[in-house]
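Mapping of the sequence shown onto UniProt numbering: position 106 corresponds to residue 106, and the numbering continues sequentially without gaps.
Note that CB positions come from ideal geometry on N, CA and C, so glycine has one too.
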Amino acid sequence: MRLDRGVTHHLVGLDDGASNVDLHTNVINADSGIGPYHYHAKAENIYVVMSGTAEVIIDGVKHLFNAGDVAFIPPGVPHAAGSDGSGVTTVLEIYAPAGRDFEIIEDSAEIIATARANYEKDNK
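(1) What are the start and end residues of each continuous beta strand (DSSP E) run of 3 or more residues lying completely inside the UniProt domain "Cupin type-2" (34-95), in chain order?
(2) Any idea if V91 is buried or exposed, counting beta-carbon neighbours within 10 angstroms, 16 or more meaning buried?
(3) Just reading off the alpha helix (DSSP H) that D101 is part of, what are its end residues?
(4) Looking at C-beta atoms only, is the number of pairs between the region 89-104 and the region 11-26 that lie closer than 8 angstroms three or more?
(5) Restricting to Cα atoms, I'd like to know which of L23, T25, G35, F102 is closest to D4.
(6) Which whole-angstrom value is the C-beta distance of V56 and H79, which I expect to be below 8 angstroms?
(7) Take every Cβ of the region 64-79, pair it with every Cβ of the region 37-53, and state whether three or more of those distances are shorter than 8 angstroms.
(8) Could you round the C-beta distance between N26 and K62 to whole angstroms and report it? I think they count as a contact, below 8 angstroms.
(9) Taking only three categories from DSSP, how would you classify N123?
(10) Given this structure, state the Cα-to-Cα distance separating E103 from S19, to the nearest angstrom.
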């Protein structure tokens, strides 16, 4: 995570000899905005929201996840995550297999804007 968005605490990963899993927490600032829209070619992601509310866009659909909620993101599925703006959000992230597997989707601002607009329309 970019430093201006919050802090990542690495718990288990490549540096610990784990090649099959990376476990870390992301403490996301309330005003951080959503992260880059991206996908992982081979890695699976699991987000466990520990506190706050996470805004997560998965395959062009916006979701709000609260403390205790879990999101599973298969390989190849584009997604982006951040705080919903109401406060600091802490997410436990499980990433497997460990290692660099991060492809940013360029020109994704329209995808994110459409996902947010559809969410607002569907949740009035």
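To lay it out plainly:
(1) Listed in chain order, they are 44-51, 53-58, 61-66, 70-73, 79-83.
(2) Residue mapping note: residue 91 aligns to position 91 of the sequence shown, counting from 1. It is buried - the Cβ of V91 has at least 16 other Cβ atoms within 10 Å.
(3) The count along the sequence shown starts at 1 and reaches residue 101 at position 101. Premise fails: D101 is in no alpha helix (DSSP H) and is neither H nor E.
(4) Because the criterion of three Cβ pairs below 8 angstroms is met, the region 89-104 and the region 11-26 touch.
(5) As a position in the sequence shown, residue 4 is number 4, starting the count at 1. Of the candidates L23, T25, G35, F102, G35 places its Cα closest to the Cα of D4.
(6) Translated into the one-based positions of the sequence shown, residue 56 becomes position 56. Translated into the one-based positions of the sequence shown, residue 79 becomes position 79. Between V56 and H79 the beta-carbon gap is near 6 angstroms, inside 8 angstroms, which marks them as a contact.
(7) With a cut-off of 8 angstroms, the region 37-53 and the region 64-79 count as touching, because enough Cβ pairs lie within range.
(8) The residue you call residue 26 lines up with position 26 of the sequence shown. The residue you call residue 62 lines up with position 62 of the sequence shown. At roughly 18 angstroms, the Cβ-Cβ gap does not stay under 8 angstroms, so N26 and K62 are not in contact.
(9) Against the sequence shown, residue 123 aligns to sequence position 123. Under the three-state reduction of DSSP, N123 is assigned to coil, being neither helix nor strand.
(10) Residue mapping note: residue 103 aligns to position 103 of the sequence shown, counting from 1. Residue mapping note: residue 19 aligns to position 19 of the sequence shown, counting from 1. If I take the Cα positions, the gap works out to 20 angstroms.
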